[in-house]
Amino acid sequence: MSKDQWTVTRFQVRPEEIVLERTKLLPPYKVIVHNDDYNEMNYVIFALVHAVNTLTVPEAERIMLTAHLTGQAIVVVCPREVAEYYQERLLSYNLTATIEPE
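The numbering used here puts the last residue of the sequence shown at 420; the count rises by one with no breaks.
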């Protein structure tokens with residue numbers, strides 16, 4: 319085996335190892351939106367889409383309906399700092415949102 323082949327083989331990292339290491343360093347948190355009796359459904363969809371830029375309108379509608387029917391819904395799962403950011407954004411739209419470890 320040549321020196322170049324040995325170096326490439328020695329330092330290859332499998333994707334599942336990267337995910338496992340990232341999860342150890344940045345444990346996942348759930349951002350949860352809670353049902354309320356104050357905001358209209360269309361407003362909640364609007365707020366979800368604008369607060370969490372990765373959501374589509376159909377996803378936001380599903381989340382809103384789940385929260386409406388069950389009392390709460392998971393919006394997104396992400397590292398803690400990002401979860402806190404999304405929680406603050408949802409709170410700025412007068413939605414009730416919490417975070418908790420996954």
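Ideal placement from N, C-alpha and C gives every residue a C-beta, glycine not left out.
Measuring only the C-alpha atoms, how far is residue i from residue j?
i	j	result
GLN330	ILE336	11 angstroms
ASP354	LEU343	34 angstroms
PRO345	VAL394	14 angstroms
GLU377	TYR356	21 angstroms
THR388	LEU408	19 angstroms
TYR347	TYR404	11 angstroms
ARG380	SER410	21 angstroms
VAL370	PRO419	18 angstroms
GLU406	PRO397	14 angstroms
Let me confirm a value: residue i is counted as buried when at least 16 other C-beta atoms fall within 10 Å, else exposed. Which label applies?
i	result
VAL349	buried
MET359	exposed
LEU413	buried
VAL362	buried
VAL375	exposed
Here's a check: name, in chain order, each residue in its chain whose Cβ is nearer than 6 angstroms to the Cβ of residue i, leaving out the five neighbours to either side.
i	result
HIS386	ASN353
ALA365	TYR411, LEU413
Per the DSSP calculation, residue i is bridged to which residue(s)?
i	result
THR414	HIS352
TYR347	CYS396, PRO419
GLN405	Beta-bridge pairing links GLN405 to no other residue.
Check the C-beta distance from residue i over to residue j and give it rounded, since I have them as a contact under 8 angstroms.
i	j	result
ILE417	GLU402	6 angstroms
Ordered along the chain, which non-local residues of its own chain (more than five positions away) have a Cβ less than 7 angstroms from that of residue i?
i	result
THR384	ALA391
PRO333	none
VAL367	LEU373, VAL375, ALA378
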